[in-house]
DNA sequence: CCGGACCGACCGACCAGTCGGTCGGTTGTG
DNA sequence: CACAACCGACCGACTGGTCGGTCGGTCCGG
């Protein structure tokens, strides 16, 4: 039997992800999670020191996966701006495929109260860091004009977040429906700056397509 | 003594706004609010049927005020697009002046759990309605090219939301710092569409300034 | 027979909401 | 004007249910 440690821990994380998605932090009881894991409450507390720690672990796992997806999507692109666009699409479509995950990551955390604040800052910081990096490189590469990339990154993240959250609640418009529009207005908002300052020296490749 | 009804109710609302801003829904006790109002718990329950009702009343009040500000800012503009821009600025700067209000309105609600979902949909719907209306009129007026205005409105709202929330937690960048950048990328994202389809018949007045 | 994994009854803090009671003002009555 | 009957606003001790967390114990593989 021994050395089920990681297996069981994983089972708990999976069950918790689902439970938190359904009911939020407060409304999910430790007994619920124990139940879904076919574990007793005591069994659960053998693996996690507290409910709060469990929640953070769930969030961290999700965020890490998503950030990695975004990063690798971005890395497989030629130009920085395309990379940012790809990261954006990746996040949007991934969350769009997994409504429950989106809900845990973007909504349910707040119900933890003040303990969540630090975590939210950290998670959103990771994402906006990825985007900001790409934007900075795009500026350096002369793809877009200089601008406060931190604000832009945040704004994009917020736009994506709102589209996803609204979809989580409303069911419409779906992220994949929204993607082309988002691409147009977000990336387009920067390209215009480029047009203002036409000092680019890109090697003639066609610029980022503005629609699918 | 009689007929303090409204006065006391108002006092409770004000105190609750502040308490919820500080500690969120769950962490704020009815006793806290009673305390801040120099009222007993029983006294409080004379005026509100439940803690939940109180919270909704607080949120509604704040949202109504803010929506009205946005609408009147928008109404005092000449072109629809300028109106949308003005509404955007108004919301951003108003929230930027009142960090606590921003927190109650945009963050703390989630800590109520599922009961808040309907409310969030409603509140954000009100705001995005204002923006969407303006955008629709801007499309009709030929100021911008046709686009899915619902998605755009949501995206803008999300961008503003994220900037404000990030500021609430991080303290930087401040909404007023972010405003010019937001204006550039958001409104700019639409103007570019205009440039693609140069069929406007605006009466020669200079277009919306892209920076202050 | 040791100890890691797990059990589940139990504890106790916590808190929304209740309820019997108080008290100052107002209204009605003679 | 006096006095009673009434009422709206408010008080605060109490309750009842809920849950996170604990702890003494069990079970099984090595």
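Chains as they are written, first to last, in my numbering: chain S, 953 to 1164; chain Y, 953 to 1164. Positions of the beta carbon are idealized from the N, C-alpha and C atoms, including for glycine.
- Message: Less than 7 Å between C-beta atoms, sequence neighbours within five positions excluded: which residues of the same chain meet that for residue 1042/S?
- Response: The residues are 1021, 1022 and 1025.
- Could you give the residue range of the alpha helix (DSSP H) that holds residue 1034/S? Here the alpha helix (DSSP H) through residue 1034/S covers 1032 to 1049.
- Query: Rounded C-beta distance between residue 1102/Y and residue 1127/S? I'm assuming under 8 Å.
  - Reply: In fact, because the Cβ distance is near 13 Å, the residues do not count as touching under 8 Å.
- Task: Let me know the secondary structure DSSP gives residue 1165/Y once reduced to three states.
- Result: Given a span of 953 to 1164 for chain Y in the structure shown, any question on residue 1165/Y remains unanswerable.
- Query: residue 956/Y: buried (16+ other C-beta within 10 angstroms of its C-beta) or exposed?
  - Reply: Exposed is the call here.
- Item | Proximal residues, the stretch 1056 to 1071 of chain S versus chain Y, C-beta separation under 9 Å | Flagged, chain order: 1059, 1060, 1061, 1062, 1063, 1064, 1065, 1066, 1068, 1069 and 1070.
- Item | Among 1000/S, 978/S and 1100/S, the one whose alpha carbon lies nearest that of residue 960/S | Looking at the Cα atoms, 1000/S is the closest of the given residues.
- Task: Could you work out which residues of chain Y lie near residue 1121/S, taking near to mean beta carbons separated by less than 8 Å?
- Result: By Cβ distance, chain Y contributes 1069, 1072 and 1073.
- Alpha carbon to alpha carbon, how far is residue 1075/S from residue 1012/S? Give it in angstroms, no decimals. The straight-line gap separating the alpha-carbon atoms of residue 1012/S and residue 1075/S is approximately 8 Å.
- Item | Same chain only: Cβ atoms within 7 Å of residue 1108/Y, ignoring 5 sequence neighbours per side | Result list for residue 1108/Y: 1040, 1083 and 1138, in chain order.
- Helix, strand or coil at residue 963/S according to DSSP, with G and I counted as helix: Three-state result, residue 963/S: helix.
- Message: Rounding to the nearest angstrom, what Cα-Cα distance links residue 990/Y and residue 1104/S in this structure?
- Response: So the alpha carbons of these two residues sit roughly 45 Å apart.
- Query: Does the beta-carbon distance from residue 982/S to residue 1056/S come in below 9 Å?
  - Reply: No, the Cβ-Cβ distance between residue 982/S and residue 1056/S is not below 9 Å.
- Task: Please list, in chain order, all residues of the same chain as residue 1090/Y whose beta carbon is under 6 Å from its beta carbon, the five residues on each side excluded.
- Result: Cβ within range, chain order: 1032, 1033 and 1096.
- How should residue 1008/S be labelled, buried or exposed, when 16 other C-beta atoms within 10 angstroms of its C-beta is the threshold for buried? Residue environment analysis places residue 1008/S among the buried positions, since at least 16 neighbouring C-beta atoms fall within 10 angstroms of its C-beta.
- Can you give the Cα-Cα distance for residue 1142/S and residue 1002/Y, rounded to whole angstroms? Each residue's alpha carbon lies about 48 Å from the other.
- residue 1135/S burial status per 10 Å Cβ neighbour count (16 or more: buried): Buried is the call here.
- Which listed residue (973/Y, 1106/Y and 1072/Y) has its alpha carbon closest to that of residue 1085/Y: If we check each option's Cα against that of residue 1085/Y, 1106/Y comes out closest.
- Quick one: grab the DSSP three-state call for residue 1066/Y. Looking at residue 1066/Y - three-state DSSP - the assignment turns out to be coil, as it is neither helix nor strand.
- Query: Excluding sequence positions up to five away, which residues of its chain have a Cβ less than 7 Å from the Cβ of residue 1058/Y?
  - Reply: Taken in chain order, the residues that qualify are 1113, 1116 and 1117.
- Query: Is the number of C-beta pairs between the stretch 1066 to 1074 of chain Y and the stretch 1044 to 1052 of chain Y that are closer than 8 Å three or more?
  - Reply: No, they do not touch.
- Query: residue 982/S lies in the alpha helix (DSSP H); which residues open and close that run?
  - Reply: Residue 982/S -> alpha helix (DSSP H) spans 982 to 988.
- Message: Restricting to Cα atoms, I'd like to know which of 1131/Y, 1093/Y, 964/Y and 1060/Y is closest to residue 1111/Y.
- Response: That would be 1131/Y, whose Cα lies nearest to the Cα of residue 1111/Y.
- Could you work out which residues of chain Y lie near residue 1106/S, taking near to mean beta carbons separated by less than 7 Å? Those within 7 Å of residue 1106/S in chain Y are 1114, 1115 and 1118.
- Straight-line gap, residue 977/S to residue 963/S (C-alpha atoms, nearest Å): So the two alpha carbons sit approximately 18 Å from each other.
- Message: Is there a C-beta anywhere in chain Y that falls below 9 Å from the one on residue 1136/S?
- Response: Chain Y, which has a Cβ nearer than 9 Å to the Cβ of residue 1136/S, makes this yes.
- Message: In whole angstroms, give me the CA-to-CA distance for residue 1046/Y and residue 968/S.
- Response: Roughly 39 Å between the two C-alpha positions.
- Query: Count the other CB atoms within 10 Å of the CB of residue 994/Y; is the residue buried (16 or more) or exposed (fewer)?
  - Reply: It counts as exposed.
- Message: I'd like the span of the alpha helix (DSSP H) that includes residue 1023/S, first residue to last.
- Response: Its alpha helix (DSSP H) spans residues 1003 to 1027.
- Query: What number of angstroms, rounded off, separates the C-alpha of residue 1068/Y from the C-alpha of residue 1015/Y?
  - Reply: Straight through space, the alpha carbons of residue 1015/Y and residue 1068/Y are spaced by roughly 14 Å.
- Task: Measuring alpha carbon to alpha carbon, tell me which of 987/S, 1019/S, 1098/S and 984/S ends up nearest residue 1081/S.
- Result: The option with the nearest alpha carbon to residue 1081/S is 1019/S.
- Between residue 1087/S and the rest of its own chain, which residues show a CB-CB distance below 7 Å, the 5 nearest in sequence each way excluded? Answer for residue 1087/S: 1036, 1101, 1104 and 1105, listed in chain order.
- Message: Can you give me the C-alpha to C-alpha distance between residue 958/S and residue 966/S, rounded to a whole angstrom?
- Response: In a straight line, the C-alpha of residue 958/S is about 12 Å away from that of residue 966/S.
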